[in-house]
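Everything on this sheet refers to the single structure shown next.
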Amino acid sequence: MNAKRIITIAVGGLLLLIFLSLMFTYQVRTTEIALVSSWFGGDKIIFGSAGDAKAGVAVSPGINLRMPWPFQTVYKLDGRTHIFESNFDQVGGDGDTLLMQVYAGWKVGDAEKFRSVHQAAGTTGEEMMRLAEVNLAGMINQVRQSKAGKYKITAFVGEDNGTSAYGKFEQELEQGLKDLDPNKAYGIEVTFIGIKRVGIPRMVAQAVIQGIIATKREEVEMVNEKATALSKSIIQRAEAEARGLLSAADDNATKSIKAAEGQVQEDFAAMEKQNPELAILLKKIKAIEALKNSPTTLILTDQNPLLEILGGLPKELKAPVSTPKSSQP
1 MNAKRIITIA
11 VGGLLLLIFL
21 SLMFTYQVRT
31 TEIALVSSWF
41 GGDKIIFGSA
51 GDAKAGVAVS
61 PGINLRMPWP
71 FQTVYKLDGR
81 THIFESNFDQ
91 VGGDGDTLLM
101 QVYAGWKVGD
111 AEKFRSVHQA
121 AGTTGEEMMR
131 LAEVNLAGMI
141 NQVRQSKAGK
151 YKITAFVGED
161 NGTSAYGKFE
171 QELEQGLKDL
181 DPNKAYGIEV
191 TFIGIKRVGI
201 PRMVAQAVIQ
211 GIIATKREEV
221 EMVNEKATAL
231 SKSIIQRAEA
241 EARGLLSAAD
251 DNATKSIKAA
261 EGQVQEDFAA
271 MEKQNPELAI
281 LLKKIKAIEA
291 LKNSPTTLIL
301 TDQNPLLEIL
311 GGLPKELKAP
321 VSTPKSSQP
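Letter 34 of the sequence shown, counting from 1, is numbered 34 in the numbering used here, and no numbers are missing.
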């Protein structure tokens, strides 16, 4: 009986110890920031990591003492860097209409300012973090709208003087946030910001595509016209060169023929002096060749000298020679 009572007392004491530890202690992880709000005033901030803490702020990871609720309330915030992504929606103004999505890394900066601004969101650190992201989204969208209006879509695809505007626009986003100072306004520290993607609305995209097609068609037509003109020029030069070559060849041939004819005439004149009969025979042959160049009908007797060149007529074709009869006195 005494053993059971001892066990009961031990278990009850352990439960009481656990209950009292929950009421009078709290744990701060190395990734957390604890906001301790006191009913008597004197709120304090405790960081779980010395790397995240600011000057003059307590760093006490692990178990810490506190007064029970409602005398003290502990809010725990996630001290790590969070990633925010905006909607992929329309921005623009004087320039082209763009679709843009940006991303940013943020964390709790001024924890006291963060608590004072976001404590109205609820009684938990998660609710404060959600409200902080909403406030940061409003700032980023404000800067994004104001900076994107002067950019054209070509600046983000590397066709604006051969350079992309991504780096320049991200620098302007960063500077714009610094001017708004989210740490001073909401206790939010933005560690980095950049462009995730850029696009254009569907209707604008269709118009851009049609414009590109029209431009490319004009370029193709210009290339075809240049190619046609070039081919005509090449053909004309080739034809002119061919005519020049043919004319030169004709001139050379004419000169050669005249020279050959002159040489033949000289040789013929010399032969005519040495062998008159052969010269006469050649003249007859030349005359026959001249007759062959055009249709001609000749009526010749068997005594015509031209037939001698052909060897004369056969005997059976020769006409009988009639001798005149002598008359009787």
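Ideal placement from N, C-alpha and C gives every residue a C-beta, glycine not left out.
Computed from a predicted structure; not experimentally measured.
Q. Taking the beta strand (DSSP E) that Gly-149 falls in, what are its first and last residues?
A. Looking up residue 149 in the sequence shown gives position 149. According to the DSSP assignment, Gly-149 belongs to no beta strand (DSSP E), since it is labelled neither H nor E.
Q: Let me know the beta strand (DSSP E) ranges lying completely inside the region 52-91, each 3 residues or longer, listed in chain order.
A: DSSP runs (the beta strand (DSSP E)) wholly in the region 52-91: 62-65, 72-78, 82-85 and 89-91.
Q.
If I measure Cβ to Cβ from Arg-144 and keep anything under 8 Å in the same chain, skipping five residues before and after, which residues do I get?
A. The sequence position of residue 144 within the sequence shown is 144, counting from 1. Within the same chain, Arg-144 has close Cβ partners Ser-86, Val-91, Met-100, Val-102 and Leu-173.
Q | Neighbour-count burial assignment, Pro-276, 16 or more Cβ in a 10 Å radius | A | Counted from its first residue, the sequence shown places residue 276 at position 276. Using a 10 angstroms sphere on the CB of Pro-276, the tally of other CB atoms stays under 16, which defines it as exposed.
Q) Would you say Asn-2 and Tyr-26 are within 8 Å of each other, going by their C-beta atoms? A) Sequence index remark: in the sequence shown, residue 2 carries index 2 (1-based). Sequence index remark: in the sequence shown, residue 26 carries index 26 (1-based). Their beta carbons are not under 8 Å apart, which means Asn-2 does not touch Tyr-26 by this criterion.
Q.
I'd like to know whether the C-beta atoms of Gly-13 and Gly-109 end up nearer to each other than 8 Å.
A. Here residue 13 refers to the residue found at position 13 when the sequence shown is read from its first residue. Here residue 109 refers to the residue found at position 109 when the sequence shown is read from its first residue. Taking C-beta atoms as the reference points, Gly-13 and Gly-109 fail to come closer than 8 Å.
Q. What's the C-alpha gap between Met-129 and Lys-152?
A. In the sequence shown, counting from the first residue as 1, residue 129 sits at position 129. In the sequence shown, counting from the first residue as 1, residue 152 sits at position 152. The alpha-carbon atoms of Met-129 and Lys-152 are separated by roughly 35 Å.
Q | Start-to-end residues for the alpha helix (DSSP H) that takes in Arg-243 | A | In the sequence shown, counting from the first residue as 1, residue 243 sits at position 243. It spans 202-274 - the alpha helix (DSSP H) in which Arg-243 sits, taken as one unbroken run.
Q | Residue(s) in a DSSP beta bridge with Phe-40 | A | If you number the sequence shown from 1, residue 40 lands on position 40. Here Phe-40 is not bridged, per DSSP, to any residue.
(Q) Taking only three categories from DSSP, how would you classify Ala-165? (A) Reading the sequence shown from its first residue, position 165 is the one you call residue 165. If DSSP states are grouped into helix, strand and coil, Ala-165 belongs with coil.
Q. Would a C-beta distance cut-off of 8 Å place Gly-105 and Phe-192 closer than the cut-off?
A. Translated into the one-based positions of the sequence shown, residue 105 becomes position 105. Translated into the one-based positions of the sequence shown, residue 192 becomes position 192. Inclusion of Gly-105 and Phe-192 in the CB contact set at 8 Å is warranted, their separation being smaller than that value.
Q | Ala-34 beta carbon less than 8 Å from that of Ile-18 | A | Against the sequence shown, residue 18 aligns to sequence position 18. Against the sequence shown, residue 34 aligns to sequence position 34. No. Outside cutoff.
Q.
Measuring straight from C-alpha to C-alpha, what distance separates Lys-258 and Lys-232?
A. On the sequence shown, residue 258 is found 258 positions in, with the first residue counted as 1. On the sequence shown, residue 232 is found 232 positions in, with the first residue counted as 1. Distance between the alpha carbons of Lys-258 and Lys-232 is about 38 Å.
Q) So, helix, strand or coil for Thr-124, using DSSP? A) As a working mapping, residue 124 is identified with position 124 in the sequence shown. Under the three-state reduction of DSSP output, Thr-124 falls in the coil class, being neither helix nor strand.
Q: Please report the Cβ distance between Pro-201 and Thr-97, rounded to the nearest whole angstrom; I am assuming they are in contact, meaning their Cβ atoms lie under 8 Å.
A: For the purposes of this step, residue 201 is taken as the residue at position 201 of the sequence shown. For the purposes of this step, residue 97 is taken as the residue at position 97 of the sequence shown. Right, their Cβ atoms sit about 6 Å apart.
Q: Quick one: using the 10 Å Cβ neighbour count with 16 as the cut-off for buried, is Leu-20 buried or exposed?
A: Counting from 1 along the sequence shown, the entry for residue 20 is found at position 20. Leu-20 comes out exposed.
Q | Arg-115, buried or exposed, once every other Cβ within 10 Å from all chains shown has been counted against 16 | A | Looking up residue 115 in the sequence shown gives position 115. It counts as buried.
Q: Would you identify the three-state DSSP class for Val-108, choosing helix, strand or coil?
A: Numbered from its first residue, the sequence shown carries residue 108 at position 108. Collapsing the DSSP output to three states places Val-108 in a strand.
Q: Identify the continuous alpha helix (DSSP H) that holds Arg-5 and give its terminal residues.
A: As a position in the sequence shown, residue 5 is number 5, starting the count at 1. Run containing Arg-5: 2-24, per the alpha helix (DSSP H) assignment.
Q: Going by CA-CA distance only, name the one from Ala-207, Lys-150, Ile-140 and Trp-69 that's closest to Ala-165.
A: Position 165 of the sequence shown, counting from 1, holds the residue named residue 165. It is Lys-150 whose Cα lies nearest to the Cα of Ala-165.
Q) When the distance is taken between beta carbons, is Ala-279 closer than 8 Å to Met-271? A) Indexing the sequence shown from 1 puts residue 271 at position 271. Indexing the sequence shown from 1 puts residue 279 at position 279. Yes, Cβ-Cβ distance for Met-271 and Ala-279 is below 8 Å.
Q: Could you check the C-alpha separation between Lys-364 and Ile-235 for me, to the nearest Å?
A: The structure shown has nothing for residue 364, since the chain only spans 1 to 329.
Q) Using the beta-carbon count (16 or more within 10 Å), is Met-139 buried or exposed? A) Residue numbering aside, residue 139 sits at position 139 when the sequence shown is read from its first letter. Classification of Met-139: buried, given that the 10 Å Cβ count is 16 or more.
Q: Quick one: give me the first and last residue of the alpha helix (DSSP H) that Ala-185 is part of.
A: Residue numbering aside, residue 185 sits at position 185 when the sequence shown is read from its first letter. Its alpha helix (DSSP H) spans residues 182-186.
Q: Have a look at Ile-83, Ser-247, Val-36 and Glu-189 and flag the residue whose alpha-carbon is nearest the alpha-carbon of Arg-66.
A: Position 66 of the sequence shown, counted from the start, is the residue given in the question as residue 66. Of the candidates Ile-83, Ser-247, Val-36 and Glu-189, the one whose C-alpha sits nearest the C-alpha of Arg-66 is Val-36.
Q.
Quick check: the Cα distance between Leu-77 and Glu-32, rounded to an integer number of angstroms?
A. One-based indexing of the sequence shown puts residue 77 at position 77. One-based indexing of the sequence shown puts residue 32 at position 32. Cα atoms of Leu-77 and Glu-32: separation of roughly 6 Å, rounded to the nearest angstrom.
Q.
Based on DSSP bridge pairs, tell me the residues matched to Leu-99.
A. Your numbering for residue 99 matches position 99 in the sequence shown. Looking at the DSSP assignment, Leu-99 forms a beta bridge with Gln-90 and Gly-199.
Q. With Thr-81 and Lys-113 assumed to form a contact (beta carbons below 8 Å), what rounded beta-carbon distance in angstroms separates them?
A. As a working mapping, residue 81 is identified with position 81 in the sequence shown. As a working mapping, residue 113 is identified with position 113 in the sequence shown. With a Cβ gap of about 18 Å, Thr-81 and Lys-113 do not count as contacting.
Q. Which residues does DSSP pair with Ile-33 in a beta bridge?
A. Position 33 of the sequence shown holds residue 33. Here Ile-33 is bridged, per DSSP, to Phe-47 and Leu-77.
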